[in-house]
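When we follow our numbering, the leftmost residue of the sequence shown carries the number 112, and every step to the right adds one.
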Amino acid sequence: MERIIGTYTGAEGGALVLVFGAVHGNEPAGVLALQEIFSMLEREPVVNPEFEFRGRMVGVVGNLQAYSTHKRFLDRDLNRLWTPINLSRIQQAYPDSLQNEDKELAELLDLIHEEIRTCRPEALVLLDLHTTSADGGIFCIPSDDRASLRLAKELHAPVILGMLDGLEGTLLHFAAGNHFEIGGFPKYSIGAAFESGQHNDPLSVSRSIAAIVNCLRAAGCIRPEDVDSRHESILRTFSDPLPKVTRLRHVHHIRPGDNFDMRPGYVNFQPIQKGEHLANDVGGPVLAPEDGLILMPLYQPQGSDGFFVVTEI
Ligand SMILES: [Zn+2]
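Here it is in structure tokens:
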């Protein structure tokens with residue numbers, strides 16, 4: 112398996128769109144969706160002579176080592192390591208001394224900088240594809256600016272606001288601060304994470320394909336009438352009954368040694384009530400702190416967040 116799944120460059124200039132799959136190695140849907148997207152883009156000019164592409168798209172495997180062993184991560188969650196302090200530590204280290212997630216981080220940073228140096232894009236658009244261990248929900252998480260919120264809405268899935276406040280060191284945090292800027296490019300960057308469903312649900316691949324096509328439209332790379340996506344109706348069918356916009360209210364962080372154990376049967380966006388017995392850990396029962404909708408209840412051994420609570424707005 113190579114780090115770069117594929118690239119596609121248009122005849123006209125435009126945004127640099129970086130799409131990541133498997134930043135968590137046990138989430139293959141994004142990688143499979145990217146493989147399919149690149150074959151769709153190769154076929155498109157053959158069936159549609161009017162097709163034009165502006166800018167450049169690159170599909171990337173996030174945690175390559177974890178992906179090859181089907182694990183979320185090896186040492187540490189790659190999606191919690193994108194802090195300026197950590198990145199400067201990595202850049203100052205000897206490349207040969209870096210291992211596991213540190214090595215992944217260094218390689219990704221090099222790749223992104225190389226793309227920016229070559230393309231010199233006005234806009235960097237970052238889409239980070241994920242799946243969840245629980246069933247029952249798709250949603251997207253914009254970074255904290257208006258343009259990213261617009262992008263998230265165009266992905267046609269429920270939008271969760273304030274999610275980045277509850278997390279630290281995500282790839283999206285880093286992109287949102289325009290920390291990838293090198294030599295004055297990009298002028299600005301926007302981004303969203305997209306959760307396409309349960310890890311091994313084949314429809315999670317279809318919904319990721321639809322999200323990538325919607326992202327390319329929002330970024331101005333392709334026109335609305337091009338790249339017919341039959342996957343879009345699968346995405347819409349799933350999104351329509353879910354709340355359109357919700358806001359993060361609570362994150363249950365897990366500390367080492369907590370032995371967090373989510374009680375069975377919870378799905379994304381399931382209503383919960385204050386005081387409801389959601390999980391157990393070394394301290395005894397873990398109760399819901401308030402009424403709301405549960406998101407990402409943790410049903411896998413690796414992970415630093417037990418569940419999230421959101422409310423509809
Ligand atoms: Zn993930």
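Positions of the beta carbon are idealized from the N, C-alpha and C atoms, including for glycine.
- With contacts defined as CB atoms closer than 8 Å, residue 162 and residue 155 qualify as a contacting pair.
- One alpha carbon belongs to residue 143, the other to residue 343, and they sit about 16 Å apart.
- For residue 419 and residue 304, the gap between their C-alpha atoms comes out near 16 Å.
- The C-beta separation of residue 297 from residue 127 comes to about 7 Å, placing the pair in contact by the 8 Å criterion.
- Runs of the beta strand (DSSP E) lying entirely within the stretch 191-275 and spanning at least 3 residues, in chain order: 234-243, 250-253 and 270-272.
- Judged by DSSP in its simplified three-state form, residue 290 adopts coil rather than helix or strand.
- Residue pairing by DSSP places residue 127 opposite 167 and 235 in a beta bridge.
- The closest heavy atom of ligand 1 lies 7 Å or more from the beta carbon of residue 181.
- Checking the DSSP bridge columns, you'll see residue 118 partnered with 169.
- When secondary structure is reduced to three states using DSSP, residue 353 falls in the coil class, being assigned neither helix nor strand.
- Judged by DSSP in its simplified three-state form, residue 405 adopts strand.
- Taking C-alpha positions only, residue 141 is separated from residue 393 by approximately 35 Å.
- Going down the chain, each residue whose beta-carbon is closer than 7 Å to a heavy atom of ligand 1 shows up: 134, 135, 138, 190, 241 and 242.
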